[in-house]
Amino acid sequence: MGTMGFRVNQTSDTLQNLTLELATLGDLKLVEKPQSITMAPHDFTNIKANIKVTSTENGIIFGNIVYDITGSQSDRNCVVLNDIHIDIMDYIVPSSCTDNEFRQMWIEFEWENKIVVNTTIRDLHLYLIYLLKSTNMRCLTPEKALSGDCGFMAANLYAKSIFGEDVLANVSIEKSAIHADAPVTGHIRIRAKSQGMALSMGDKINMTQKTGFKSVSLTQK
């Protein structure tokens, strides 16, 4: 991926040795450091940096711009830039696999992240649709097995990253038969081959549950 910044020198000074300094958190790697430049008064320029993303994991890019002012004896000046957050959903695509393949991966994958359902949604099917749209995962459980109104639902979900990583989820949710206004409860078990994938997908689910039900369209494809 590439990150680009448009910089304008709004001062009447010449800025020397102006450098974009970047640091990353997560499985991100700065391929090449941007070169230092000199900017004349009221000049403008584009600064581009290439960052390599090697796995599906939430990440953050931190940045500063440091520079010297021509003729000044003071220390280097520093401008702190806003952080850039890398969203795991940019790299996740819904995928399919057989029941046997799902079970085999479920057994083999050692990293599990268990998420407690925390929602105001009161319908099991609506919550499942909400979850699918929030995670870019595909439901492998046949629609026929999800029909009915027994107050309980279990479903298997699956997706792959553009890097070929698999992520599995088992959803186990229920609805109180006594309290009609009670929200859906239960848990979601996520399994992946890497710890980063399991944690990042769990963070995404927790974050979307906090942002609220209304932020996701409920029209199922």
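Position one of the sequence shown corresponds to residue 3 (our numbering), numbered consecutively onward.
Glycine is no exception: its CB is placed at the ideal position from the N, C-alpha and C atoms.
Once the 5 residues before and after residue i are set aside, which same chain residues still bring their CB inside 8 Å of it?
i           : result
residue 139 : 94, 96, 133, 159, 160, 161, 169 and 171
residue 124 : 177, 182, 183, 184, 185 and 186
residue 130 : 141, 148, 155, 157, 173 and 175
residue 98  : 140, 142 and 160
residue 26  : 32, 53, 61, 62, 63 and 64
residue 77  : none
CA-CA distance, residue i and residue j?
i           : j           : result
residue 43  : residue 199 : 46 Å
residue 224 : residue 50  : Residue coverage of the chain in this structure runs from 3 to 223, which leaves residue 224 outside it and unanswerable.
residue 30  : residue 47  : 25 Å
residue 201 : residue 101 : 24 Å
residue 45  : residue 12  : 8 Å
residue 145 : residue 173 : 14 Å
residue 64  : residue 151 : 49 Å
residue 188 : residue 17  : 58 Å
residue 41  : residue 209 : 41 Å
residue 21  : residue 28  : 23 Å
residue 73  : residue 85  : 31 Å
residue 167 : residue 111 : 11 Å
residue 106 : residue 83  : 45 Å
residue 137 : residue 190 : 12 Å
residue 195 : residue 75  : 54 Å
Once the 5 residues before and after residue i are set aside, which same chain residues still bring their CB inside 6 Å of it?
i           : result
residue 71  : 15
residue 87  : 62
residue 164 : 93
residue 54  : 31 and 33
residue 10  : 46
residue 36  : 22, 49 and 51
Per DSSP, residue i forms a beta bridge with which residues?
i           : result
residue 116 : 191
residue 140 : 160
residue 66  : 23 and 82
residue 61  : 88
residue 53  : 32
residue 154 : 176
residue 37  : In DSSP, residue 37 forms no bridge with anything.
residue 17  : 41 and 71
By Cβ distance, which residues of its chain are closer than 7 Å to residue i, with the 5 residues on each side in sequence left out?
i           : result
residue 19  : 38, 69 and 70
residue 204 : 115, 117 and 192
residue 153 : 176, 177 and 179
residue 108 : 170 and 193
residue 3   : Model confidence at residue 3 stands at a pLDDT of 49, short of 50, so the residue's coordinates are unreliable; what they give is reported in the following sentence. Excluding positions up to five away in sequence, the list reads 53 and 55.
residue 126 : 155, 175, 177 and 186
residue 213 : none
How many whole angstroms separate the CB atoms of residue i and residue j, which I take to be in contact at a CB cut-off of 8 Å?
i           : j           : result
residue 104 : residue 142 : 6 Å
residue 23  : residue 79  : 12 Å between Cβ atoms; not a contact.
residue 114 : residue 207 : The pair is not a contact, with the Cβ atoms about 14 Å apart (cut-off 8 Å).
residue 33  : residue 52  : 4 Å
residue 211 : residue 120 : 5 Å
Q) Which parts of the region 168-211 are runs of the beta strand (DSSP E), unbroken and 3 residues or longer, counting only runs that do not cross its ends? A) 168-176 and 187-194
**Q.** Runs of beta strand (DSSP E) wholly within the region 68-117 (minimum 3 residues, chain order)
**A.** 79-82, 86-88 and 94-96
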